[in-house]
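Here's the structure we're looking at; comments come further down.
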Amino acid sequence: MSHAAFAGAALGLLFAVIAAMILGPLSEVSRLDADTIIGAIFPLMMALGLIFLSLAPSAGVGNGALSLLWGSVLGITMGDVANLGILAVALIIVLVAFGKEFLAILLDRKLAAASGINTRVYYYLILFLTAIVVALSLQITGGLLIYTLMILPASAAYQLLYDIKKVFLLAPVLGASSALLGFLLSLLADLPIGSSIAIMATGVFLASIAISPKRRRTRLEGNRAAPNQSQ
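Numbering-wise (my numbering), the sequence shown opens with residue 35 and increments by one.
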């Protein structure tokens, strides 16, 4: 037991060191805040940890905890689908009605206030709508998977596009694609479906960094600046 505990602690320390080592460089390459990078690393590590737990001989003991973390995606009912559909339609209506105000607040809250927008009202509305989405989805997808799908698809879309309006359109597409790929991974490899979706979402995010036009632009600007500095 003591040897097993020591091995688990060493593996956890290794994951922590790896995460710390890639946080800074990945933040510079992707031009994202460190908080966003942490948000990308966290669900991947949790997904791997839960996969390791599910493969252990005593995995059945923790099935209740796993369901709380990752929900029960395969147990969704038509009532759940109807509720999510109604919520999606309501959110689209709100976004169409107040899209300009939301964009102004997200881009620069102080500038939005200076232009006459009641930033507090719209900011609280964003929080309220987010809370409704999380509360309605919690029992279906679980807390960690909600966190994963809220952070990673939007971050991936931001890597690929400059127009924030297009980011709003691409992010849910990437989220749905990650979910479908996660389903396939779960079926093919016989892995927990929530963890599989999180891994695929992380893969989509890392792929977006690799092909990001913003990254190439930053590299070109750096190459152009180097000769000027040498002169």
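Cβ atoms here follow ideal geometry from the backbone N, Cα and C, with glycine treated the same way.
Since the structure is predicted, the reported quantities are computational estimates derived from the model, not experimental observations.
Between the CA atoms of residue j and residue i - distance to the nearest angstrom
{"i": "A235", "j": "Y192", "result": "14 Å"}
{"i": "L118", "j": "F239", "result": "25 Å"}
{"i": "L221", "j": "A81", "result": "16 Å"}
{"i": "L204", "j": "A147", "result": "28 Å"}
{"i": "G96", "j": "V155", "result": "Only weak support is given to the placement of G96: the predicted model assigns it a pLDDT of 49, under 50, and the value that follows is read from those uncertain coordinates. Approximately 42 Å, taken between the alpha carbons."}
{"i": "A244", "j": "M184", "result": "21 Å"}
{"i": "D197", "j": "L141", "result": "12 Å"}
{"i": "V228", "j": "N152", "result": "First, the residue type needs correcting, since residue 228 is Gly and not Val in the sequence shown. Cα to Cα, the separation comes out at about 39 Å."}
{"i": "L218", "j": "D224", "result": "10 Å"}
{"i": "L121", "j": "V167", "result": "8 Å"}
{"i": "V116", "j": "K144", "result": "The sequence shown places Ala at residue 116, rather than the Val named in the question. Cα to Cα, A116 sits roughly 38 Å from K144."}
{"i": "A138", "j": "L161", "result": "16 Å"}
{"i": "L186", "j": "Y157", "result": "22 Å"}
{"i": "S230", "j": "I85", "result": "9 Å"}
{"i": "K134", "j": "K199", "result": "10 Å"}
{"i": "I209", "j": "V123", "result": "Note on residue identity: the sequence assigns Gly, not Ile, to residue 209. Going by the C-alpha atoms only, they are around 17 Å apart."}
{"i": "S242", "j": "A190", "result": "5 Å"}
{"i": "T159", "j": "I126", "result": "It should be pointed out that residue 159 corresponds to Leu in this sequence rather than to Thr. Roughly 14 Å between the two C-alpha positions."}
{"i": "R249", "j": "G113", "result": "43 Å"}
{"i": "V201", "j": "L172", "result": "25 Å"}
{"i": "L78", "j": "G176", "result": "15 Å"}
{"i": "T111", "j": "F136", "result": "33 Å"}
{"i": "G237", "j": "P226", "result": "17 Å"}
Start-to-end residues for the alpha helix (DSSP H) that takes in residue i
{"i": "Y181", "result": "G177 to L194"}
{"i": "T236", "result": "I227 to A244"}
{"i": "L218", "result": "I198 to A223"}
{"i": "D114", "result": "M112 to L141"}
Per-residue burial, residue i [other beta carbons within 10 Å of its own, 16 or more giving buried]
{"i": "P247", "result": "exposed"}
{"i": "S212", "result": "buried"}
{"i": "A188", "result": "buried"}
{"i": "V107", "result": "buried"}
{"i": "L129", "result": "exposed"}
{"i": "S149", "result": "exposed"}
{"i": "L195", "result": "buried"}
{"i": "A131", "result": "exposed"}
{"i": "G216", "result": "buried"}
{"i": "A232", "result": "buried"}
{"i": "P109", "result": "Looking at the sequence itself, residue 109 is Gly, so the reference to Pro does not match. Flag for G109 reads exposed."}
{"i": "L178", "result": "buried"}
{"i": "L214", "result": "exposed"}
{"i": "T182", "result": "buried"}
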